[in-house]
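Take a look at the structure below.
There are 2 protein chains.
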Amino acid sequence: MRDNELCEIRRLPLFRAMASENFTALTRAAYDQTFPAQVRLIEEGAAADFLHIVVEGSVELFAGWQGRETTMQVVRPVSTFILAACMKDAPYLMSARTLEKTRVVLVPSVDLRAIFRIDPEFALATISELSACYRSVVKHTKELKLRTARERLAAYILRQAKLDNNGPSFILPMEKRVLASLIGVTPESLSRAMKSLQDVGTKVDGQRIIITDHKALEAVACPTPLMDDPEQHEQGLRP
Amino acid sequence: MRDNELCEIRRLPLFRAMASENFTALTRAAYDQTFPAQVRLIEEGAAADFLHIVVEGSVELFAGWQGRETTMQVVRPVSTFILAACMKDAPYLMSARTLEKTRVVLVPSVDLRAIFRIDPEFALATISELSACYRSVVKHTKELKLRTARERLAAYILRQAKLDNNGPSFILPMEKRVLASLIGVTPESLSRAMKSLQDVGTKVDGQRIIITDHKALEAVACPTPLMDDPEQHEQGLRP
DNA sequence: CGAACCCTTGACAGAAATCAACTAAGGTGG
DNA sequence: CCACCTTAGTTGATTTCTGTCAAGGGTTCG
Chain A
188 MRDNELCEIR RLPLFRAMAS ENFTALTRAA YDQTFPAQVR LIEEGAAADF
238 LHIVVEGSVE LFAGWQGRET TMQVVRPVST FILAACMKDA PYLMSARTLE
288 KTRVVLVPSV DLRAIFRIDP EFALATISEL SACYRSVVKH TKELKLRTAR
338 ERLAAYILRQ AKLDNNGPSF ILPMEKRVLA SLIGVTPESL SRAMKSLQDV
388 GTKVDGQRII ITDHKALEAV ACPTPLMDDP EQHEQGLRP
Chain B
188 MRDNELCEIR RLPLFRAMAS ENFTALTRAA YDQTFPAQVR LIEEGAAADF
238 LHIVVEGSVE LFAGWQGRET TMQVVRPVST FILAACMKDA PYLMSARTLE
288 KTRVVLVPSV DLRAIFRIDP EFALATISEL SACYRSVVKH TKELKLRTAR
338 ERLAAYILRQ AKLDNNGPSF ILPMEKRVLA SLIGVTPESL SRAMKSLQDV
388 GTKVDGQRII ITDHKALEAV ACPTPLMDDP EQHEQGLRP
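Protein chains in written order, with our numbering: chain A, 188 to 426; chain B, 188 to 426.
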């Protein structure tokens with residue numbers, strides 16, 4: 188594994204405080220790999236053998252049932268995913284696939300579980316990370332149950348703009364059909380929702396979203412920290 | 188606090204393995220209280236001062252936004268709730284109210300955070316508990332996005348019957364309007380969904396649900412461990 | 001150049017919310 | 001003990017929203 192990545196991983200909240208020798212032990216057993224787009228990394232129901240860390244690219248977490256499929260989360264660098272399954276040694280609840288060319292570091296979950304038993308700092312960091320993950324899903328669920336499709340889209344746009352330095356425009360970080368599934372609608376419905384937001388301060392030009400009237404958009408989304416503020420782990424660490 | 192409750196709390200996975208003196212320290216600072224029905228225990232957005240443990244009765248976790256409201260979870264004895272907010276010292280994402288006369292034990296979250304720093308066993312148990320909480324919400328979210336209202340109701344009925352010794356009938360453990368909100372529909376829609384399930388092996392008599400054709404109901408719900416199996420913490424500890 | 005694939009648009013169907021009325025059950029106070 | 005009131009639940013009529021199906025434009029990639 189390249190030193191470069193090791194440093195970035197080490198900087199993650201999850202690994203920042205642990206003892207050096209334990210970090211070394213963890214990453215010695217780990218390996219990193221680069222995948223092309225649309226590669227399945229994880230199949231839901233399988234045993235949780237590896238903690239995954241996205242170093243470059245992006246990964247879609249999704250779930251299926253009876254021929255239906257839905258996007259649960261999109262993970263960007265540098266972040267981990269499926270920590271909970273690893274910690275409980277339980278089957279993955281979600282599948283994962285790369286959305287683009289993606290570099291992933293895989294840490295064997297047996298090593299993880301061994302090390303959080305001997306490194307209190309790592310155990311504390313794990314608690315913090317899991318709490319953040321939990322709170323993220325709760326926010327996602329609240330949004331699904333409390334906001335309409337149009338409101339969810341408006342809120343997403345405001346969140347994404349904020350992450351992108353709060354500029355007046357940004358490029359969607361995923362395909363629209365993935366975004367549609369993430370916010371819980373069909374691509375057709377997303378398309379119509381986008382259109383309907385053009386009356387309230389939004390312009391769409393391909394993958395670019397332009398906010399022309401921030402106040403008007405906020406009037407639709409009514410953002411609140413209890414649904415819209417990202418948990419610390421969510422945006423990942425930018426290089 | 189009564190010895191009786193102390194024992195039950197001590198038996199919880201979260202507290203089972205920790206050192207005795209730490210458990211004593213935790214519970215010395217704690218106090219227990221009994222509330223009538225419909226009392227607000229927690230307001231979303233408030234600081235997470237106490238870990239709550241339901242000892243008797245039941246508590247509804249719910250969230251609101253813009254005048255709308257939705258039930259996120261119903262907690263029954265003996266279980267904890269809002270652990271994640273306590274661990275991160277972050278604002279509660281959900282409100283809580285008693286559904287009936289309920290006895291709750293309150294553990295100051297400062298003490299919690301102090302003790303998981305010095306008691307590795309407690310830290311490990313916390314990791315396990317948080318992972319289970321995370322996985323529960325993921326399952327709830329998957330269900331909302333992948334199943335229709337009718338399918339969610341069918342799945343709920345099968346899960347609840349299983350918890351109730353897999354008998355041919357059971358009593359709904361909450362009011363129907365609360366169940367409706369939990370599965371993400373209006374009370375009117377729940378009522379119609381119940382009716383529509385009468386064609387596929389279900390009978391309803393007030394609060395009692397009778398399963399007359401388990402196979403037929405399963406054909407609607409298509410239960411899968413990845414959505415329908417409870418995480419260990421969910422059903423609580425029965426006395 | 002053709003073949004996918006993504007996105008959009010339109011027409012339609014289906015699901016669920018809303019609004020309103022009515023029943024039934026439980027609790028309160030006379 | 002009964003009349004009254006409140007509230008949960010049901011049912012029907014209607015509207016709104018979202019999904020489905022089908023078609024067409026535009027892009028990318030082999």
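Cβ coordinates follow ideal geometry from the N, Cα and C atoms, glycine included. Keep in mind the model is a prediction, meaning the values are calculated, not measured.
Unbroken beta strand (DSSP E) run spanning K390 (chain A), endpoints:
Within the first sequence, numbered from 1, the residue matching residue 390 (chain A) stands at position 203. Unbroken beta strand (DSSP E) run through K390 (chain A): T389 to D392.
Nearest by alpha-carbon distance to V495 (chain B): which of B:E375, B:G371 and B:Q220 is it?
The structure shown does not extend to residue 495 (chain B), since chain B is modelled only from 188 to 426, so the question has no answer here.
For L199 (chain A), name the three-state secondary structure that DSSP assigns.
Looking up residue 199 (chain A) in the first sequence gives position 12. Residue state, collapsed to three classes: coil.
Let me make sure I understand the geometry here. Which of A:M259, A:L317 and A:A408 has the alpha-carbon closest to that of D400 (chain A)?
Position 213 of the first sequence, counted from the first residue, corresponds to residue 400 (chain A). For the residues A:M259, A:L317 and A:A408, the minimum Cα distance to D400 (chain A) belongs to A:A408.
Meets three-Cβ-pair contact criterion under 8 Å: the region 285-301 of chain A and the region 225-238 of chain A:
yes
So which residues on chain B does L333 (chain A) lean against when the C-beta distance must stay under 9 Å?
Locating residue 333 (chain A) in the first sequence gives position 146, counting from the first residue. What L333 (chain A) touches in chain B: A250, G251, W252, Q253, R255, E256 and T257.
Can you give the beta carbon distance from M259 (chain A) to T328 (chain B), rounded, assuming they're within the 8 Å contact cut?
As a first step, residue 259 (chain A) must be located in the first sequence, where it is residue number 72. As a first step, residue 328 (chain B) must be located in the second sequence, where it is residue number 141. With a Cβ gap of about 7 Å, M259 (chain A) and T328 (chain B) count as contacting.
Just to check my reading of the structure: L311 (chain B) and A310 (chain A) have Cβ atoms closer than 8 Å, yes? What is that Cβ distance to the nearest angstrom?
Translated into the one-based positions of the second sequence, residue 311 (chain B) becomes position 124. Translated into the one-based positions of the first sequence, residue 310 (chain A) becomes position 123. The pair is a contact, with the Cβ atoms about 7 Å apart (cut-off 8 Å).
Under 9 Å from the C-beta of S315 (chain A): neighbouring residues of chain B
By 1-based counting over the first sequence, the position of residue 315 (chain A) is 128. Here the neighbours are M274 and K275.
Exposed or buried, which one is G254 (chain B) when buried takes at least 16 other CB atoms within 10 Å?
As a position in the second sequence, residue 254 (chain B) is number 67, starting the count at 1. Exposed, by the Cβ-count rule.
For the alpha helix (DSSP H) containing T328 (chain A), name the first residue and the last one.
On the first sequence, residue 328 (chain A) is found 141 positions in, with the first residue counted as 1. Start and end: P307 to L333.
Is R334 (chain B) buried or exposed, if buried means 16 or more other CB atoms sit within 10 Å of its CB?
By 1-based counting over the second sequence, the position of residue 334 (chain B) is 147. Classification for R334 (chain B): buried.
C-alpha distance - R322 (chain B) paired with E330 (chain A), whole-angstrom precision:
Taking the second sequence and counting its residues from 1, the one referred to as residue 322 (chain B) is at position 135. Taking the first sequence and counting its residues from 1, the one referred to as residue 330 (chain A) is at position 143. Taking the straight line joining both Cα atoms gives about 18 Å.
Any chance you could list the alpha helix (DSSP H) runs of at least 4 consecutive residues sitting entirely within the region 359-403 of chain A, in chain order?
363-370 and 374-384
According to DSSP, what are the bridge partners of G251 (chain B)?
Position 64 of the second sequence, counting from 1, holds the residue named residue 251 (chain B). Beta-bridge pairing links G251 (chain B) to B:E256.
Taking any Cβ of chain A, which residues in the region 295-320 of chain B have a Cβ under 8 Å from it, in chain order?
F303, R304, P307, A310, L311, T313, I314, S315, L317, S318, A319 and C320
Apart from the five residues on each side of it in sequence, which residues of its chain come closer than 8 Å, Cβ to Cβ, to A224 (chain B)?
If you number the second sequence from 1, residue 224 (chain B) lands on position 37. Correct list, in chain order: T285, L286, E287, K288 and T289.
Q385 (chain B) to R339 (chain B) span [Cα, whole Å]
Taking the second sequence and counting its residues from 1, one reaches residue 385 (chain B) at position 198. Taking the second sequence and counting its residues from 1, one reaches residue 339 (chain B) at position 152. Taking the straight line from one Cα to the other gives about 15 Å.
Have a look at P200 (chain B) and V261 (chain A) and give me their C-alpha separation to the nearest angstrom.
In the second sequence, the residue the question calls residue 200 (chain B) occupies position 13. In the first sequence, the residue the question calls residue 261 (chain A) occupies position 74. Rounded to whole angstroms, P200 (chain B) to V261 (chain A) spans 32 Å at the Cα level.
What are the boundary residues of the alpha helix (DSSP H) that M215 (chain A) is part of?
Numbered from 1 along the first sequence, position 28 holds the residue referred to as residue 215 (chain A). According to the sequence provided, residue 215 (chain A) is Arg. The question's Met does not apply to it. Segment S207 to A216, the alpha helix (DSSP H) holding R215 (chain A).
For M429 (chain A), count neighbouring Cβ atoms within 10 angstroms of its own Cβ and tell me buried if that reaches 16, exposed if not.
Only positions 188 to 426 of chain A appear in the structure, and residue 429 (chain A) is not among them; the question remains open.
contact_flag[the region 261-272 of chain B, the region 238-245 of chain B] where n(CB pairs < 8 Å) is 3 or more:
yes
G232 (chain B) versus chain A: which residues are under 9 Å apart at the beta carbon?
Position 45 of the second sequence, counting from 1, holds the residue named residue 232 (chain B). What G232 (chain B) touches in chain A: T411, P412 and L413.
Around the C-beta of K382 (chain A), are 16 or more other C-beta atoms found within 10 angstroms, so that it is buried, or is it exposed?
Numbered from 1 along the first sequence, position 195 holds the residue referred to as residue 382 (chain A). Exposed.
Mind pulling the chain A residues with CB within less than 7 Å of A427 (chain B)?
The question about residue 427 (chain B) has no answer here: the residues shown for chain B are numbered 188 through 426.
Whole-angstrom distance between F202 (chain A) and F210 (chain A), CA atom to CA atom
As a first step, residue 210 (chain A) is located in the first sequence; it is residue number 23 there, counting from the start. As a first step, residue 202 (chain A) is located in the first sequence; it is residue number 15 there, counting from the start. Distance between the alpha carbons of F210 (chain A) and F202 (chain A) is about 7 Å.
On a CA-only basis, which of A:G244, A:E405 and A:W252 is nearest P360 (chain A)? Give me that one, please.
One-based indexing of the first sequence puts residue 360 (chain A) at position 173. Checked all of A:G244, A:E405 and A:W252; the closest Cα to P360 (chain A) is A:G244.
Cβ-Cβ separation, A272 (chain A) to A235 (chain A) (assumed contact under 8 Å), whole Å
By one-based count along the first sequence, residue 235 (chain A) stands at place 48. By one-based count along the first sequence, residue 272 (chain A) stands at place 85. Rounded, the Cβ-Cβ distance is 4 Å, consistent with contact.
E230 (chain A) - containing alpha helix (DSSP H), residue span
Taking the first sequence and counting its residues from 1, one reaches residue 230 (chain A) at position 43. Segment: none, E230 (chain A) is in no alpha helix (DSSP H) and carries neither H nor E.
Report all residues from its chain with a CB closer than 7 Å to the CB of I396 (chain B); omit the five preceding and five following residues, and keep chain order.
Position 209 of the second sequence, counting from 1, holds the residue named residue 396 (chain B). Hits under 7 Å: I344, S356, F357, L359 and T389.
From what residue to what residue does the alpha helix (DSSP H) around P412 (chain A) run?
Mapped onto the first sequence, residue 412 (chain A) falls at position 225. P412 to D415 is the span of the alpha helix (DSSP H), which, as asked, contains P412 (chain A).
Would K332 (chain A) and T257 (chain B) qualify as a contact pair, given that the criterion is a beta-carbon distance under 9 Å?
Here residue 332 (chain A) refers to the residue found at position 145 when the first sequence is read from its first residue. Here residue 257 (chain B) refers to the residue found at position 70 when the second sequence is read from its first residue. In contact: K332 (chain A) and T257 (chain B) (Cβ atoms closer than 9 Å).
Buried or exposed by the 16-neighbour rule on C-beta atoms within 10 Å, applied to R263 (chain B):
The residue labelled residue 263 (chain B) in the question sits at position 76 within the second sequence. It counts as buried.
Own chain partners of I302 (chain A) with C-beta closer than 7 Å, once the 5 adjacent residues on each side are dropped
Residue numbering aside, residue 302 (chain A) sits at position 115 when the first sequence is read from its first letter. If we look at I302 (chain A) and ignore the five residues flanking it on each side, its Cβ neighbours are N209, A212, L213 and F309.
Reducing DSSP to helix, strand and coil, say where E421 (chain A) ends up.
Residue mapping note: residue 421 (chain A) aligns to position 234 of the first sequence, counting from 1. In the structure shown, E421 (chain A) sits in coil (DSSP, three-state: anything other than H, G, I, E or B).
Selected residue, minimal CA-CA separation from L248 (chain B), among B:L369, B:Q394, B:V325 and B:L299:
Position 61 of the second sequence holds residue 248 (chain B). Answer by Cα proximity: B:L369.
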